[in-house]
């Protein structure tokens, strides 16, 4: 539970994987918070005033003090509320490995998945191939550096788990929405099983978005982006 009573507000958006990361961290730590759903085409004045640099979600406001950018927010949460579960391992080498693979997911894997969503034809095919290459690297990294990963309850969930489930927990939605399967039990068994085990936890189910709603959203979002690209 919380160390002390505080006022916590999270500005987010229901389909944002970055918002989900912060929501999950707050729930894991048992931190009570007020949630403000943002319309990204019509953002609240509070969001714009409190995050004047990027004007983006997620934005955490703790006792009136704004903290922006998802990774910065996650670190702030773990440093402010030191109760279990801690988001980083105690061991310095294990902590370094978590940071490395979180960085790899954010900069290499998640970025190329977004490209697949926005493209079609040959460009999409090339991006899918690149995505599968990067997922293969991630698969081998998880197998090598986290061979004994156990997921039985909230206390087993850390930063890497949060990033994995928020980024890739919707891989079946992604497959249905655009017809591309990248994560599967054959090609990425470690990652696939990691996600499956996390999805059994009640705290993960609390932040999951309804499958059909997200499929519809992604299909519409993709179509809008492709139409804009065609006009450019």
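Residue numbers (the numbering used here): 66 to 297.
All C-beta atoms in this analysis are idealised placements derived from N, C-alpha and C, irrespective of residue type, glycine included.
- When DSSP states are grouped into helix, strand and coil, residue 74 belongs to the strand group.
- Apart from sequence neighbours up to five positions away, the residues of its chain that approach residue 120 with a beta-carbon distance below 6 angstroms are 113, ordered along the chain.
- If you look at residue 254, you'll find it in the alpha helix (DSSP H) that goes 254 to 263.
- Remark: C-beta atoms of residue 74 and residue 118 do not approach each other more closely than 8 angstroms.
- For the pair residue 80 and residue 279, the CB atoms are nearer than the 8 angstroms cut-off.
- Residue 200 is classed as buried because its beta carbon has at least 16 other beta carbons within 10 Å across all chains shown.
- Taking the C-beta atoms as reference points, residue 152 is found no nearer than 8 angstroms to residue 231.
- Scanning the segment 66 to 135 from its first residue to its last, the whole beta strand (DSSP E) runs of 3-plus residues come out as 73 to 77, 99 to 102, 124 to 127 and 130 to 133.
- Under the three-state reduction of DSSP output, residue 213 falls in the coil class, being neither helix nor strand.
- Counting only runs of at least 4 residues, the segment 182 to 248 fully encloses the following alpha helix (DSSP H) elements, listed from N- to C-terminal order: 186 to 210, 224 to 233 and 236 to 243.
- Here residue 193 is near residue 181, since their CB atoms are less than 8 angstroms apart.
- When DSSP states are grouped into helix, strand and coil, residue 277 belongs to the helix group.
- DSSP places residue 164 inside the alpha helix (DSSP H), whose first and last residues are 157 to 169.
- Under a 10 Å Cβ-count criterion, residue 144 is classified as exposed, with fewer than 16 other Cβ atoms of the shown protein chains found around its own Cβ.
- Under the 10 Å beta carbon count, residue 77 is surrounded by 16 or more other beta carbons and is classified as buried.
- Nearest Cα to residue 109 within the set 123, 97 and 96: 123.
- Within the same chain, no residue comes within 6 angstroms of residue 217 by CB-CB distance, once the 5 residues on both sides are set aside.
- When secondary structure is reduced to three states using DSSP, residue 272 falls in the helix class.
- When only Cα atoms are considered, residue 277 and residue 267 end up about 20 angstroms apart.
- Minimum Cα-Cα distance from residue 252 among the listed residues 203, 88, 155 and 179 corresponds to 203.
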